[in-house]
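To start, the structure itself, in structure tokens.
There are 2 protein chains.
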Amino acid sequence: MTGKPISLKILAAHLDLTVPTVSRALNNYPDISPATRDRVKRAADELGYRANQNARRLSLGTSETVGYLMPRFSSAIAQPFVAQLLQGLGEALGKRNWDLLVTHAESSKDELSQIERMVRSGRVSGLVISRPLKNDPRIRLMQDLKCPFVVHGRTASYKNYAWYDVDGEDAFETSVNHLIGLGHSRIAFVGAPLQYQFVQDRLNGYQKAIVGNGLTVDQDLIQISDFSDDGGEIATHALLDLVDPPTGIVCLSDTMALGALAAIRARGLVPGEDISVVGYDGLKFGTHSNPPLTTMAQPQAHAGRRLGDMLLAIIDGDDPSKHQELQRAQLLRRNTDGPLPTTQALNDILSREELQ
Amino acid sequence: MTGKPISLKILAAHLDLTVPTVSRALNNYPDISPATRDRVKRAADELGYRANQNARRLSLGTSETVGYLMPRFSSAIAQPFVAQLLQGLGEALGKRNWDLLVTHAESSKDELSQIERMVRSGRVSGLVISRPLKNDPRIRLMQDLKCPFVVHGRTASYKNYAWYDVDGEDAFETSVNHLIGLGHSRIAFVGAPLQYQFVQDRLNGYQKAIVGNGLTVDQDLIQISDFSDDGGEIATHALLDLVDPPTGIVCLSDTMALGALAAIRARGLVPGEDISVVGYDGLKFGTHSNPPLTTMAQPQAHAGRRLGDMLLAIIDGDDPSKHQELQRAQLLRRNTDGPLPTTQALNDILSREELQ
DNA sequence: CAAGCCTCCGAAACCGCTTTCGGATTTTTG
DNA sequence: CAAAAATCCGAAAGCGGTTTCGGAGGCTTG
Numbered sequence: 002m003t004g005k006p007i008s009l010k011i012l013a014a015h016l017d018l019t020v021p022t023v024s025r026a027l028n029n030y031p032d033i034s035p036a037t038r039d040r041v042k043r044a045a046d047e048l049g050y051r052a053n054q055n056a057r058r059l060s061l062g063t064s065e066t067v068g069y070l071m072p073r074f075s076s077a078i079a080q081p082f083v084a085q086l087l088q089g090l091g092e093a094l095g096k097r098n099w100d101l102l103v104t105h106a107e108s109s110k111d112e113l114s115q116i117e118r119m120v121r122s123g124r125v126s127g128l129v130i131s132r133p134l135k136n137d138p139r140i141r142l143m144q145d146l147k148c149p150f151v152v153h154g155r156t157a158s159y160k161n162y163a164w165y166d167v168d169g170e171d172a173f174e175t176s177v178n179h180l181i182g183l184g185h186s187r188i189a190f191v192g193a194p195l196q197y198q199f200v201q202d203r204l205n206g207y208q209k210a211i212v213g214n215g216l217t218v219d220q221d222l223i224q225i226s227d228f229s230d231d232g233g234e235i236a237t238h239a240l241l242d243l244v245d246p247p248t249g250i251v252c253l254s255d256t257m258a259l260g261a262l263a264a265i266r267a268r269g270l271v272p273g274e275d276i277s278v279v280g281y282d283g284l285k286f287g288t289h290s291n292p293p294l295t296t297m298a299q300p301q302a303h304a305g306r307r308l309g310d311m312l313l314a315i316i317d318g319d320d321p322s323k324h325q326e327l328q329r330a331q332l333l334r335r336n337t338d339g340p341l342p343t344t345q346a347l348n349d350i351l352s353r354e355e356l357q
Numbered sequence: 002m003t004g005k006p007i008s009l010k011i012l013a014a015h016l017d018l019t020v021p022t023v024s025r026a027l028n029n030y031p032d033i034s035p036a037t038r039d040r041v042k043r044a045a046d047e048l049g050y051r052a053n054q055n056a057r058r059l060s061l062g063t064s065e066t067v068g069y070l071m072p073r074f075s076s077a078i079a080q081p082f083v084a085q086l087l088q089g090l091g092e093a094l095g096k097r098n099w100d101l102l103v104t105h106a107e108s109s110k111d112e113l114s115q116i117e118r119m120v121r122s123g124r125v126s127g128l129v130i131s132r133p134l135k136n137d138p139r140i141r142l143m144q145d146l147k148c149p150f151v152v153h154g155r156t157a158s159y160k161n162y163a164w165y166d167v168d169g170e171d172a173f174e175t176s177v178n179h180l181i182g183l184g185h186s187r188i189a190f191v192g193a194p195l196q197y198q199f200v201q202d203r204l205n206g207y208q209k210a211i212v213g214n215g216l217t218v219d220q221d222l223i224q225i226s227d228f229s230d231d232g233g234e235i236a237t238h239a240l241l242d243l244v245d246p247p248t249g250i251v252c253l254s255d256t257m258a259l260g261a262l263a264a265i266r267a268r269g270l271v272p273g274e275d276i277s278v279v280g281y282d283g284l285k286f287g288t289h290s291n292p293p294l295t296t297m298a299q300p301q302a303h304a305g306r307r308l309g310d311m312l313l314a315i316i317d318g319d320d321p322s323k324h325q326e327l328q329r330a331q332l333l334r335r336n337t338d339g340p341l342p343t344t345q346a347l348n349d350i351l352s353r354e355e356l357q
């Protein structure tokens, strides 16, 4: 357990065999007698031999490594998903002793050239892309480079590559339907810029549910802001300033929902009583918000493992379009959803607001 | 922008030069005429040549890669720190085009053998270790392997290796002093098992402040539980069940503090009024707890960059013990700290509790 | 007992890049 | 203008593995 690493050469000399023979013994070639195979393996164990990976991979012509691009814009609160995803990816890759390379780019240009470099320099044999735009240049690039990849999320056209996504459209339909079931009819959507496909998906679900229930989509009730708690807060304030404010709000994410709660409380209103709020993500932290956040929960840890498995399968030659998985989110009721306030209650609200 | 990667050989043939010449031209060797150097570089750009990293690193005898071990036990809520650390590390390493390898082990045994393998197989030239135990076997191992490493945190004896840590002892002194300044005298400590050095450090600070103010350390007021929000909740319930419960609580982490708030609210008490709570970490989501959490804040993003810089310096040959950085945490007052309730108020509390 | 067949290992080549060394050409020098 | 010095590039070797190929030796056959 010390100094210089043990090379095949040293091991071979030690065994009085040649390097290729030792290599084949360790790799269970059939043309090596069981006797010497065991002898070699025992010696390798004793000396603590570890094949040099750079040499091995150069020879094999593979990197046995997969890259993960950290999302550039991620609110400080929503980051848990990164750690969990990495953990799941690591598990999937670990089964084959593959490595996981993590990179973070400053700008979109940097990101593209980083990808190009990583792939063409043979550092990675596959990539995991998070949170794609509607029309994501990274996907085009990967296709041009003919390098395997999987996407965590979907783009506008998602036929011909592999992805794992949670059905945001479906989720927002159920959350809106849930609020309508509670008697609400003025329901708002708090979201982020539509360049990200997942925002569009969720907005679609919102609109689908509104229309599906015979209501009409009111553009005033669709507030786009920053993808952060502060963004949610600003958007919600705008909603509350409306002449005819909403009684229910569905938020793009738990993080934005936290901001919504803050805005509602700031007005002296009570989330879940005066105004209902539903988030999206199912982050554990939501149990500690004020009040605990009702949300659309999804199995986060699962995503990493599935993405890893899918990517390995594709690298093995599978058709990417065969690997497309849509997960459903489930309503997790905590305390920010409630029945539509009665007229009496509404008057109370109005008077309370006037006091401010 | 297509198919097979461009090798030096192809590039050389294209230029009617030999491989070594092209290599030296690209690496700015002085024995290559400026004319051909430029010619080579231009061609390399045009063809999109990228040196094969496995080959390059094999030849160079270095991996140009640093490993990060994801902490095994980390509460789902506290994970943001991982993403931020990775981001900072990536930044530091990116300046030299080094790679960041992330691994996650199931058990402690797995972790040790993983480290051993990573280092001896030449996959990494350095390691970042998070959240060390008091006496961490990983550190012993790395020292035995003579492989550069930096520790995010400290062990019991921290003289002879590199680390970056936040002064938990100092932080808990100031938080306890803060509560004492507000009139509190029965102050509790909610923590996790002492096998982790950072727990011990913070407990030391707590005790130091208690004693320093002429109070005596009451073992009943030191509650050890799981390092999670649930753990904090359980511990706090135990404290509130005491005959003479505390009026102030300092918590090992923001996550545990959230649990403490939940326990306090569950008793019908108001955190910050009836009982003060101070967390530790300064996580952003603390602004959204009920009520917003007072905490000891620290610059998280900074840690990753510093750790990366330190590690690179050590790999370059610097003496590890020269790289030891202690950061101070700062009190971030939000709404869970308040003056000691008056006697009248205390009676109210008691009667409220009896109602339950 | 010779021919033929396995068994098992060594020799050689290669993966793509880097570095040392030597020598051909050009330039400087006396 | 010959000799010495400087300039620039090619040849060769090496990094540490893997894989293909061939052949020596021991077995089985007829």
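Just so you know, the sequences run in chain order A and B. For the first sequence, the residue numbers in our numbering are 2 to 357. For the second sequence, the residue numbers in our numbering are 2 to 357. We put the beta carbon where it would ideally sit given N, CA and C, even for glycine. Remember, it's a predicted structure, so these values are computed and weren't measured experimentally.
Between residue i and residue j, how many whole angstroms is the CB-CB distance? I'm expecting something under 8 Å.
{"i": "B/Y197", "j": "B/L308", "result": "Contact flag wrong, Cβ pair sits at about 18 Å."}
{"i": "B/L284", "j": "B/P272", "result": "Incorrect: roughly 17 Å between the Cβ atoms, too far for contact."}
{"i": "B/V167", "j": "B/A330", "result": "5 Å"}
{"i": "B/V191", "j": "B/Q224", "result": "5 Å"}
{"i": "A/T217", "j": "A/R124", "result": "Between A/R124 and A/T217 the Cβ distance is about 53 Å, and since that is not below 8 Å, they are no contact."}
{"i": "A/I188", "j": "A/V251", "result": "7 Å"}
{"i": "B/L313", "j": "B/R97", "result": "7 Å"}
Residues of chain B with a CB under 7 Å from the CB of residue i: which are they?
{"i": "A/Q88", "result": "M71, H105"}
{"i": "A/D171", "result": "In chain order: nothing, as chain B lies at least about 25 Å away."}
{"i": "A/D338", "result": "Chain B residues near A/D338: none, gap ~17 Å exceeds 7 Å."}
In chain B, which residues lie with their C-beta within 8 Å of the C-beta of residue i?
{"i": "A/G91", "result": "M71, V103, T104, H105"}
{"i": "A/V23", "result": "Here the premise fails: no neighbours, minimum Cβ distance about 16 Å."}
{"i": "A/V83", "result": "Q80, V83, A84, L87"}
So with CB distances below 9 Å, who are the chain B contacts of residue i?
{"i": "A/S277", "result": "Residues of chain B passing the Cβ test: none, with the nearest at roughly 18 Å."}
{"i": "A/S64", "result": "Q54, N55"}
{"i": "A/D320", "result": "Chain B residues near A/D320: none, gap ~19 Å exceeds 9 Å."}
{"i": "A/D219", "result": "What A/D219 touches in chain B: nothing, since even the nearest Cβ is about 28 Å away."}
How would you list, in chain order, the residues of chain A whose beta-carbon sits under 9 Å from the beta-carbon of residue i?
{"i": "B/D282", "result": "Within chain A, no residue comes near B/D282; the closest Cβ sits about 12 Å away, beyond 9 Å."}
Determine the chain A residues that contact residue i at a beta-carbon separation under 7 Å, and present them in chain order.
{"i": "B/D317", "result": "In chain order: nothing, as chain A lies at least about 19 Å away."}
Do the region 224 to 233 of chain A and the region 288 to 297 of chain A make contact, defined as three or more Cβ pairs closer than 8 Å?
Counting Cβ pairs under 8 Å, fewer than three are found: no touch.
Which full runs of the alpha helix (DSSP H) of 4+ residues lie inside the region 184 to 260 of chain B, going along the chain?
Along the length of the region 184 to 260 of chain B, whole alpha helix (DSSP H) runs at least 4 residues long occupy 198 to 213, 230 to 241, reported in chain order.
Scan the region 138 to 156 of chain B for residues whose Cβ lies nearer than 8 Å to a Cβ of chain A and list them as they occur along the chain.
Using a CB distance below 8 Å, the part of the region 138 to 156 of chain B facing chain A consists of D145, L146, K147, ordered along the chain.
Residues of the region 28 to 59 of chain A whose Cβ lies closer than 9 Å to any Cβ of chain B, in chain order
Correct list: G49, Y50, R51, A52, N53, Q54, N55, A56, R57, R58, L59.
Tell me the start and end of each unbroken beta strand (DSSP E) in the region 261 to 341 of chain A that is at least 3 residues and wholly inside, in chain order.
Complete beta strand (DSSP E) runs here, min 3: 277 to 282, 295 to 298, 325 to 328, 331 to 333.
Got a sec: which bits of the region 259 to 275 of chain B sit with their beta carbon under 9 Å from any beta carbon on chain A, in order along the chain?
The region 259 to 275 of chain B vs chain A, Cβ under 9 Å: L259, G260, L262, A263.
Residues of the region 110 to 135 of chain B in Cβ contact with chain A at a cutoff of 7 Å, in chain order, please.
Hits within the stretch, in order: R118, R121, S122, G123, R124.
Positions along the region 287 to 315 of chain B whose CB lies within less than 8 Å of some CB in chain A
Taking 8 Å as the upper bound on Cβ-Cβ separation, chain A lies near residues T288, H289, S290, N291, P292 of the region 287 to 315 of chain B.
Can you list, in chain order, the stretches of the beta strand (DSSP E) that have 3 or more residues and sit fully within the region 38 to 122 of chain B?
Positions of the beta strand (DSSP E) runs, each at least 3 residues long and wholly inside the region 38 to 122 of chain B, are given as 66 to 70, 100 to 104 in order along the chain.
Which residues, in order along the region 225 to 250 of chain A, keep a beta-carbon less than 9 Å from a beta-carbon of chain B?
Here the close residues are D230.
Of the residues that make up the region 179 to 211 of chain A, which ones have a beta carbon closer than 7 Å to any beta carbon in chain B?
Taking 7 Å as the upper bound on Cβ-Cβ separation, chain B lies near no residue of the region 179 to 211 of chain A.
Is it true that the region 197 to 212 of chain B meets the region 173 to 180 of chain B, where meeting means three or more beta-carbon pairs spaced less than 8 Å apart?
By the criterion of at least three beta-carbon pairs nearer than 8 Å, the region 197 to 212 of chain B is in contact with the region 173 to 180 of chain B.
Between the region 55 to 71 of chain A and the region 83 to 98 of chain B, do three or more beta carbon pairs fall short of 8 Å?
Taking 8 Å as the limit for Cβ pairs, the verdict is that the region 83 to 98 of chain B does touch the region 55 to 71 of chain A.
Report the residues of the region 156 to 169 of chain B with a CB closer than 8 Å to any CB of chain A, ordered along the chain.
So the list is empty, because no residue satisfies the distance condition.
Below 8 Å, can you find three or more Cβ-Cβ pairs linking the region 239 to 257 of chain A to the region 152 to 166 of chain A?
No, they do not touch.
Contained alpha helix (DSSP H) runs [length at least 4] in the region 128 to 170 of chain B, N- to C-terminal order
The region 128 to 170 of chain B contains these whole alpha helix (DSSP H) runs: 138 to 146.
Does the contact criterion of 3 or more C-beta pairs under 8 Å hold for the region 11 to 20 of chain A versus the region 25 to 35 of chain B?
Too few Cβ pairs lie closer than 8 Å, so no.
So does the region 98 to 107 of chain A actually touch the region 127 to 145 of chain B, counting three or more Cβ pairs closer than 8 Å?
Verdict: no, contact absent.
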